[in-house]
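**Student:** Residue 7 is where the sequence shown starts when you use my numbering, and the numbers rise one by one after that.
Structure provided below as structure tokens; questions to follow.
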Amino acid sequence: MHARPGALQVGSFRGVPIRVHFTLLLALPLLALSFGAAFRQAASAAEVPPETLGGHPLLWGLGVAVGLFVSVLLHEMAHTFYALRHGGEVHGITLMIVGGVSELAETPKRPRDEALMALVGPLTSLGLAVVLGLVTWLMHGLGAFQWQFACFTLAMLNLVLGVFNLLPAFPMDGGRIVRAALTPRLGVVRA
Numbered sequence: 007m008h009a010r011p012g013a014l015q016v017g018s019f020r021g022v023p024i025r026v027h028f029t030l031l032l033a034l035p036l037l038a039l040s041f042g043a044a045f046r047q048a049a050s051a052a053e054v055p056p057e058t059l060g061g062h063p064l065l066w067g068l069g070v071a072v073g074l075f076v077s078v079l080l081h082e083m084a085h086t087f088y089a090l091r092h093g094g095e096v097h098g099i100t101l102m103i104v105g106g107v108s109e110l111a112e113t114p115k116r117p118r119d120e121a122l123m124a125l126v127g128p129l130t131s132l133g134l135a136v137v138l139g140l141v142t143w144l145m146h147g148l149g150a151f152q153w154q155f156a157c158f159t160l161a162m163l164n165l166v167l168g169v170f171n172l173l174p175a176f177p178m179d180g181g182r183i184v185r186a187a188l189t190p191r192l193g194v195v196r197a
């Protein structure tokens, strides 16, 4: 399988190419503007005085946007790791404006494998949310406002990413889990 048109390889994971599609480069400034505009509200939600953070809100917005796509990359790397560990073939991971995709050679044959492979991505995102949330809580009152704010923001984004991906709509991970659960009863085409 060839790379998606408009995607540039920026690295690899276990021999699997990691690519960035040009649409991601279009999305980053827009996300930076959006996150920058919500800077004060996000700081208040994290119980961090905005004036203690320093830096321009747009720089914080850019950092959050990059952090979001790093989180998406980790989510996709979890799918890839599971697939490779269970004999699957992955042609690449591509990050795009709509998120990321692990490009599998084929869908796992056993419904259980498909369900577990779909589940590891959201579990990775939710695990990151828990760890970053715990770090945020541990930092409360220490005066490390920049780190507290960054961890809180990324915890919330990973929580949303994990829950959103569990929605039971195909091709989301939740839709793949539902399809895997229905396949033994209905067959793969009807599921």
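For each residue, glycine too, the CB sits at the ideal point set by N, CA and C.
Since the model is a prediction, treat every value here as computed from it, not as a measurement.
Compute the Euclidean distance between the alpha carbons of Asp179 and Leu125, then round it to the nearest angstrom.
**Tutor:** About 7 Å.
**Student:** For the region 58–71 against the region 29–42, do three or more pairs of beta-carbon atoms, one drawn from each stretch, fall closer than 8 Å, so that the two count as touching?
**Tutor:** These segments touch.
**Student:** Between which residues of its own chain and Gly168 is the CB-CB distance below 7 Å, once the five residues before and five after are set aside?
**Tutor:** The answer, listed in chain order, is Pro128, Ser131, Leu132 and Ala135.
**Student:** So Met110 and Leu138 are in contact, right, with Cβ under 8 Å, and what is the actual spacing, rounded?
**Tutor:** Per the sequence presented here, residue 110 reads as Leu, with Met not at that position. Not quite, the Cβ-Cβ distance comes to about 28 Å (not below 8 Å), so this is no contact.
**Student:** Would you give the residue range spanned by the beta strand (DSSP E) that Gly69 belongs to?
**Tutor:** Element bounds for Gly69: not the beta strand (DSSP E) but the alpha helix (DSSP H), Pro63 to Arg91.
**Student:** Mapping DSSP to helix, strand and coil, what is Ile103?
**Tutor:** In this structure, Ile103 counts as coil in the three-state DSSP scheme.
**Student:** With burial defined as no fewer than 16 other Cβ atoms inside 10 Å of the residue's Cβ, what is the status of Thr142: buried or exposed?
**Tutor:** Label assigned to Thr142: buried.
**Student:** Is Ala43 helix, strand or coil when you go by DSSP?
**Tutor:** In this structure, Ala43 counts as helix in the three-state DSSP scheme.
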